[in-house]
Amino acid sequence: MAVPARKIDMAEALLAAHPAPGGEAGWAASARAAAASRLRASGAPVRRDEYWRWTDPASLTAPAPTPAPLPEATAPVFAGVDALEVVIEDGRIVSAPEGMEGVEIATLADAMSRDIHWAKDLFGVLEANGQVPVTRPLAALNTAVATEGLAIRVTGKAPRPILLRGRRKSDSADAVLHHVIRLEPGAELTVLEDGGPGARVNALIEADVADDAALHLIRASGPEAERRGVWQLFARLGRESALKAFAIAAGGRLTRTEQVVELTGDDAAVHLAGACLGDGDDFTHDDTVFVIHDAERCESRQVFKKVLRGTAKGVFQGKILVKEGAQKTDGYQISQGLLLDERAEFLAKPELEIYADDVICSHGSTCGAADENALYYLRARGIPKREAESLLVLSFLGEAIEEIEDEDLAEILREQTAAWVKAGA
Amino acid sequence: MLAIKNLHVKLEEEDKVILKGVDLTVEAGKVHAIMGPNGSGKSTLSYVLSGRDGYEVTEGEASLDGEDLLDMDPEDRAAAGLFLAFQYPVEIPGVGNMTFLRTALNAQRKARGEAEMSAAEFLKFVREKAADLEISPEMLKRSVNVGFSGGEKKRNEILQMAVLAPKMCILDETDSGLDVDAMKLVADGVNALRDAGRGFLVITHYQRLLDHIKPDVVHIMADGRIIKTGGPELALEVEKNGYADLLKEAV
Ligand SMILES: Nc1ncnc2c1ncn2[C@@H]1O[C@H](COP(=O)(O)OP(=O)(O)OP(=O)(O)O)[C@@H](O)[C@H]1O
Ligand SMILES: [Mg+2]
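These protein sequence lines map, in sequence, to chains A and B. Numbering follows full-length UniProt numbering, in which position 101 of the first sequence is assigned residue number 101; successive positions increment by one, without gaps. Numbering follows full-length UniProt numbering, in which position 233 of the second sequence is assigned residue number 233; successive positions increment by one, without gaps.
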């Protein structure tokens, strides 16, 4: 079917709105050009596209961001964590990153102007792979135009997490960030993200996790900013490797987290978890996940929990594809919406596509109000309604937070979530 | 202390009348027992008193120490000193038993204008009460009632009662599902709380429990009414002859 002219015009407008980076190496320029053609071929996303039916992409495809008021100053979520900090202010990396033992870090601009073979093999490659069978135009846009980001190569066990701290000074900064992360065999890294790097965000991580390596990604966005954005992850997992990603958003206007993970080595594991605390008339929280099992005995696990108040909308589109030969696959997926108002909505589309015969895949999706019996029981013990509801909200989200492997980080998020819930109550 | 006058209650959703004029007064320092056939409205009475949704009071009143209960939210009734040990305690996955107890106690203290108990103080306090009921520290850490056996759930109800020290305690079939030893623990827990300022309303089907918790007054409920009130001997009569004669008498 021909792509509607309007989608193509919008794609052109997006490319025109973002100046093409100059002075890059030959390989980089070709990767950019290929990405731009991908975007031109698919056109910009519109509501009529199958995977944008429930989340309106208009604010993400407009040439300029909708201004988002500046957040009040609050302590960043991971303030207490001993980490290698990289500050991203209004879409620009402002603190020069330095490496640490077993970790090399360069800016994307630097990596794109040189001939770093691992970055060359990664940049735009996983994103391009992830365009089939469903196109991801905003990811192609990102690859075509992003000038800011990091190129991280990990050769050992990173002594500390890398912390990407977003900060805003402008109410209309458009942050387009592209990180490439390569974990060599046996390497381990945790990447934390807090704050907000722009009024509008198009962030993308390409992560290549080699055999026996482990990558943890944890993102926490607080309620203080009316940001809109799409966060994309394209990952490839080698033999016995692991990827564990968790993201929580309290507030914000539009958060779409799109993750495409390909399990290419036997015995690899991917755990994806997400949560939100959504309120108000203009809130959409969308998790769109595509997990591809292309090796034996791999495990994938998806746990998504959304608390929705007012007319907040939660969206979950999660697919598990088990390719031929991916025997002994263990796939699990749960998505749940907790609706604290009758007008809130949770829309879920779980999909399984299985071409191997010896697999276990289960999925479930539920949606409902807080348990009336539990509320009554708590209140009958003297706990006021809002507080009782908060206890139930925290226990609901707790099942997603539990997916975080590091107990200290899980505890930070548990406390932070309790504080967010309390402030909202 | 607890005064119920001519209480009529129907289900909110359907035209089903369950309580048809209940009159009952429990004085401070006394233990009243309610017995009655299945489906006679005993649990409904306890739910209505504690403020559960889904019922409509069409007539009558209920008050605790002169305060109208029926107008209050469930949490305010609890803060005013009313406690219901549930016939079917509710499981709440993800909410720790300890967190639940502390939140409840501090919420009640706050509502009464009292100081909250510190975490350390509270821990010591609860551990002692739990030990009396043979509730292990491990059970205190688990989610509220999740994975508890029937008897453990009932003991957990009595632990909550011991911690919250309410002035009016309603026990809805706390004895059902308890083994002989657990029944004794629960009865000891109740008896330990008996004092001049506290009233009890004990709903039960069996004399067994009343051997341990000696009632001052026994009521028989049938078809939404108290059809007979007497002393402890009334329970013995029910134990021996069942309800048939009493029901005939009441007609
Ligand atoms: N929500 C409801 N919907 C329909 N019927 C109800 C509801 N609640 C109570 N009833 C009915 O009201 C009557 C009284 O129930 P209740 O649970 O109060 O009895 P009970 O005396 O506690 O019985 P038991 O000794 O078996 O515990 C029963 O016939 C019951 O089926
Ligand atoms: Mg009952």
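For every residue, glycine included, the Cβ atom is placed at its ideal position computed from N, Cα and C.
Cα-Cα separation, residue i to residue j
i, j, result
"valine 87 of chain A", "glutamate 98 of chain A", "12 Å"
"methionine 161 of chain B", "leucine 138 of chain A", "58 Å"
"aspartate 223 of chain B", "methionine 1 of chain B", "25 Å"
"glutamate 188 of chain A", "glycine 156 of chain A", "6 Å"
"glutamate 138 of chain B", "asparagine 145 of chain B", "12 Å"
"glutamate 72 of chain A", "serine 118 of chain B", "32 Å"
"tyrosine 243 of chain B", "glycine 382 of chain A", "37 Å"
"arginine 38 of chain A", "lysine 7 of chain A", "13 Å"
"glutamate 91 of chain B", "histidine 216 of chain A", "33 Å"
"isoleucine 354 of chain A", "histidine 363 of chain A", "13 Å"
"glycine 154 of chain B", "phenylalanine 86 of chain B", "With the sequence shown as reference, residue 154 of chain B is identified as lysine, and glycine is not the correct amino acid for it. If I take the Cα positions, the gap works out to 8 Å."
"isoleucine 158 of chain B", "lysine 141 of chain B", "17 Å"
"valine 57 of chain B", "aspartate 341 of chain A", "27 Å"
"glycine 195 of chain A", "proline 76 of chain A", "6 Å"
"threonine 311 of chain A", "proline 63 of chain A", "27 Å"
"threonine 143 of chain A", "glycine 229 of chain A", "16 Å"
"alanine 5 of chain A", "alanine 11 of chain A", "10 Å"
"residue 252 of chain B", "valine 163 of chain B", "With chain B covering only 1 through 251, there is no way to say anything about residue 252 of chain B."
"alanine 33 of chain A", "proline 19 of chain A", "13 Å"
"valine 303 of chain A", "glycine 29 of chain B", "52 Å"
"proline 57 of chain A", "valine 154 of chain A", "35 Å"
"proline 89 of chain B", "serine 63 of chain B", "24 Å"
"alanine 207 of chain A", "serine 59 of chain A", "27 Å"
"glutamate 59 of chain B", "lysine 20 of chain B", "9 Å"
"aspartate 110 of chain A", "proline 93 of chain B", "50 Å"
"isoleucine 135 of chain B", "aspartate 188 of chain B", "14 Å"
"leucine 70 of chain A", "valine 103 of chain A", "34 Å"
"valine 17 of chain B", "lysine 10 of chain B", "4 Å"
"proline 37 of chain B", "isoleucine 404 of chain A", "52 Å"
"leucine 347 of chain A", "serine 143 of chain B", "29 Å"
"asparagine 73 of chain B", "serine 46 of chain B", "Looking at the sequence itself, residue 73 of chain B is aspartate, so the reference to asparagine does not match. Whole-angstrom Cα-Cα distance: 15 Å."
"glutamate 296 of chain A", "valine 48 of chain B", "58 Å"
"leucine 122 of chain A", "threonine 103 of chain B", "51 Å"
8 Å Cβ cut-off: residues of chain B touching residue i
i, result
"leucine 373 of chain A", "According to the sequence displayed, residue 373 of chain A carries asparagine and not leucine. Under the 8 Å cutoff, chain B gives Val90."
"isoleucine 334 of chain A", "Going along chain B, no residue has its Cβ under 8 Å from isoleucine 334 of chain A, so there is no contact; the nearest lies around 14 Å."
The alpha helix (DSSP H) enclosing residue i, as first and last residue numbers
i, result
"phenylalanine 100 of chain B", "97-111"
"histidine 117 of chain A", "117-120"
"arginine 225 of chain B", "Where arginine 225 of chain B is concerned, there is no enclosing alpha helix (DSSP H), although the beta strand (DSSP E) it sits in stretches over 225-230."
"threonine 143 of chain A", "137-145"
"alanine 36 of chain A", "26-42"
"methionine 10 of chain A", "5-17"
"glycine 50 of chain B", "The displayed chain sequence assigns serine, not glycine, to residue 50 of chain B. Residues 42-50."
Listed by chain order, chain A residues near residue i by CB distance under 7 Å
i, result
"valine 190 of chain B", "Here the premise fails: no neighbours, minimum Cβ distance about 18 Å."
"leucine 84 of chain B", "Ala380"
"serine 201 of chain B", "Note that residue 201 of chain B corresponds to leucine in the displayed sequence, not to serine. Within chain A, no residue comes near leucine 201 of chain B; the closest Cβ sits about 15 Å away, beyond 7 Å."
"alanine 79 of chain B", "Gly382"
"leucine 2 of chain B", "The contacting residues do not exist; leucine 2 of chain B stays about 16 Å from chain A at best."
"proline 93 of chain B", "Ser395"
Within chain A, the residues that residue i reaches when beta carbons sit closer than 9 Å
i, result
"glutamate 75 of chain B", "Leu378, Arg379, Ala380, Arg381, Gly382, Ile383, Pro384, Lys385, Glu387, Ala388"
"glutamine 108 of chain B", "Arg381, Gly382, Ile383"
"alanine 111 of chain B", "Gly382, Pro384"
"threonine 229 of chain B", "What threonine 229 of chain B touches in chain A: nothing, since even the nearest Cβ is about 27 Å away."
Run of the beta strand (DSSP E) containing residue i, from where it starts to where it stops
i, result
"phenylalanine 234 of chain A", "228-237"
"threonine 107 of chain A", "103-107"
"threonine 311 of chain A", "Element bounds for threonine 311 of chain A: n/a, residue is neither H nor E."
"isoleucine 205 of chain A", "200-209"
"leucine 337 of chain A", "Reading off the sequence, residue 337 of chain A comes out as glycine, not leucine. Counting along the chain, the beta strand (DSSP E) containing glycine 337 of chain A begins and ends at 330-339."
"aspartate 286 of chain A", "284-293"
"glycine 199 of chain B", "199-203"
"glutamate 351 of chain A", "345-354"
"tyrosine 55 of chain B", "55-64"
Neighbour list for residue i in chain A, Cβ cutoff strictly below 8 Å
i, result
"threonine 174 of chain B", "Within 8 Å Cβ-Cβ: nothing; threonine 174 of chain B doesn't reach chain A, min ~15 Å."
"glutamine 160 of chain B", "Arg381"
"leucine 164 of chain B", "Arg381, Gly382"
"alanine 104 of chain B", "Leu378, Arg381, Gly382, Ile383"
Residue i Cβ short of 8 Å to ligand 4 heavy atom set
i, result
"isoleucine 92 of chain B", "Absent from the structure shown: ligand 4. Ligands present: ligand 1 and ligand 2."
At a CB distance below 8 Å, what residues from the segment 44-70 of chain B approach chain A? Give them in sequence order.
Ser50, Gly51, Arg52, Asp53
Residues in the segment 391-410 of chain A having any Cβ partner in chain B nearer than 8 Å:
Leu391, Leu392, Leu394, Ser395, Phe396, Gly398, Glu399
Mind listing which residues have their beta carbon within less than 5 Å of any non-hydrogen atom of ligand 1? Chain order is fine.
B:Ile18, B:Asn38, B:Gly39, B:Ser40, B:Gly41, B:Lys42, B:Ser43, B:Thr44
For the segment 128-148 of chain B, which residues have a beta carbon sitting closer than 7 Å to at least one beta carbon of chain A?
none
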